[in-house]
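J.:
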Amino acid sequence: MPEQRTAAPAATAGELLAEYRPGDSFFSTATRALHGTGALTTLDRLDAIPAALAEAGDGALAMGAVPFDPAQPAHLVVPETVRRSPSPARAARSEHKWSPLGGQWTLTPVPAPDAHVAAVERAVKLMAEDTELRKVVLARCLKVRSDQDVDVATVLANLLWRDPTAFVFAADLPQRGSGTRSLLGASPELLIAKRGRHVLSNPLAGSAPRSADPTKDQRRAVGLLTSAKDRHEHSVVVEAVTEALRPYCRSLSVPAEPELIKTATMWHLSTRVTGELTDPDVPAHRLAADLHPTPAVCGTPTGRAFDTIGGLEPFDRGFYTGAVGYTDAAGDGEWVVTIRCADVAGRTLELYAGGGVMPESDPDSELAETSAKLRTLLLALGVDGAA
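Using full-length UniProt numbering, the letters of the sequence shown correspond one by one to residues 1 to 387.
So, in structure tokens, the structure goes:
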């Protein structure tokens, strides 16, 4: 297999996106942006990454996505060429721009809003009947169709313009029919970052929609931080992440209290879990595999929540609530939770959003939360429509 090439660095992430073509890989983090073109090889398992990178030569990396169901095939590539730029978050605001997408849009919710409310009610009832089932994450899909092909690079640029601190990504997916298919989004949630001995996971659970009114926005933030329901939901996720990392770490630091973080559309409860690995050779993708799926996207206990989701959601999640990211030849890398995302093929997009259902959840509030989360992609598309 030929060696992977590292092209000259780009000045900005915008320069990388100007060269983006359908089927490429893109991933931006707090420290860098990566653009992969071509494919030396394609993999369907995370554990195949080390051998593929060894064959691709020094400095190679693998990029791609794994689905929500760990038993299903991943889609990973070792790009022929990788180009880097500084983090979009470090660029001046003037270096980002928002561009409208042409075309007319039609939106079809799956399931219908009232059916999602009914599913939440059913989940609450199931938890009342089975007290060991502590949380179930229920999602819904919004099918969006344009009368023109969707320009993925423009959507990515719009996501960066609105929130340059998010993990903005695009990953090639197996074709469905003719033409390319991509997974794109702007995730706020870091599953795992690994550098040498040091690891970081930043679970998010507990959310509230932002408001354009500063007073209301602050009130919602304070309400989230003091919500017993949301703090309980958050603690369940932090506990699971901590226990998954503990066997790998000789030390772990877990803050006692969550903090607030914000995106363009949402407030979240956040905890940064940091650790020092016992074995620095454990690769990032192995840690990601052991963490995935967290209770933030599935529920707890995992197996029972997973089965409940299958009985209540009227679609296959595919790569939504999976993980997307990269691992390099040293085993370092970053993988994020695949949320605030869309599955794009030609003129169609499937947008997804979900929320954690707890025994005390209000079904109408859960519906409102998914609507707010769907706005991340709708705003990037320039679609003015109810979710």
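For glycine and all other residues, C-beta sits at the position ideal for the given N, C-alpha and C.
Nearest-angstrom Cα distance between residue 35 and residue 209?
T.: Their Cα atoms are separated by approximately 32 Å.
J.: I'd like to know if the stretch 77 to 85 and the stretch 159 to 169 are in contact, where contact means that at least 3 CB-CB pairs between them fall below 8 Å.
T.: Too few Cβ pairs lie closer than 8 Å, so no.
J.: Looking at C-alpha atoms only, which residue of 211, 327 and 239 is the closest neighbour of residue 59?
T.: Closest by alpha carbon: 327.
J.: Among the residues of its own chain, which have a CB less than 6 Å from the CB of residue 104, if the five just before and after it don't count?
T.: Cβ neighbours of residue 104 beyond the five flanking positions: 147.
J.: Between the Cα of residue 179 and the Cα atoms of 266, 361 and 345, which residue gives the shortest distance?
T.: When each option's Cα is compared against that of residue 179, the closest is 345.
J.: What residues are listed by DSSP as bridge partners for residue 27?
T.: Beta-bridge pairing links residue 27 to 34 and 169.
J.: Three or more C-beta pairs closer than 8 Å, one from the stretch 169 to 185 and one from the stretch 243 to 259: is that the case here?
T.: The stretch 169 to 185, when compared against the stretch 243 to 259, does not touch it at the 8 Å Cβ threshold.
J.: Output yes or no for whether 8 Å exceeds the beta carbon distance between residue 335 and residue 285.
T.: For residue 335 and residue 285, yes; Cβs fall inside 8 Å.
J.: Which residues share a DSSP beta bridge with residue 270?
T.: 204 and 259.
J.: For residue 108, which option in 40, 18, 132 and 143 has the closest C-alpha, if you only look at C-alpha atoms?
T.: Taking only the C-alpha atoms, the option nearest residue 108 is 143.
J.: In three-state DSSP terms, what is residue 253?
T.: Three-state result, residue 253: strand.
J.: Report yes if the C-beta distance between residue 372 and residue 266 is below 8 Å; otherwise report no.
T.: Yes. Within cutoff.
J.: Please state if the CB of residue 187 and the CB of residue 347 are separated by a distance shorter than 8 Å.
T.: No.
J.: Could you check what DSSP says for residue 246 in three-state terms: helix, strand or coil?
T.: In this structure, residue 246 counts as helix in the three-state DSSP scheme.
J.: Between which two residues does the beta strand (DSSP E) carrying residue 365 extend?
T.: Run containing residue 365: none in the beta strand (DSSP E); it sits in the alpha helix (DSSP H), 363 to 381.
J.: Closest to residue 388 by CA distance: which of 363, 189 and 113 is it?
T.: An answer regarding residue 388 cannot be provided, because it is not within the stretch 1 to 387 covered by the chain.
J.: Between the beta-carbon of residue 192 and the beta-carbon of residue 182, is there less than 8 Å?
T.: It is not a contact, given that the beta carbons lie outside the stated cut-off.
J.: Taking residue 306 as the reference, give the member of 68, 24 and 56 with the closest Cα.
T.: Nearest of 68, 24 and 56 to residue 306, Cα basis: 68.
J.: Pull up the distance between the alpha-carbon of residue 206 and that of residue 239, whole angstroms please.
T.: Residue 206 and residue 239: Cα-Cα distance of roughly 14 Å.
J.: Rounded C-beta distance between residue 356 and residue 233? I'm assuming under 8 Å.
T.: Rounded, the Cβ-Cβ distance is 5 Å, consistent with contact.
J.: Would you list the residues sitting across from residue 63 in a DSSP beta bridge?
T.: DSSP output for residue 63 lists 77 and 326 as bridge partner(s).
J.: Could you tell me how far apart the beta carbons of residue 297 and residue 271 are, in whole angstroms, since I believe they sit closer than 8 Å?
T.: That belief does not hold up - the Cβ atoms of residue 297 and residue 271 are roughly 16 Å apart, past 8 Å.
J.: Can you check DSSP and say which residues form a bridge with residue 146?
T.: Paired residue(s): 105.
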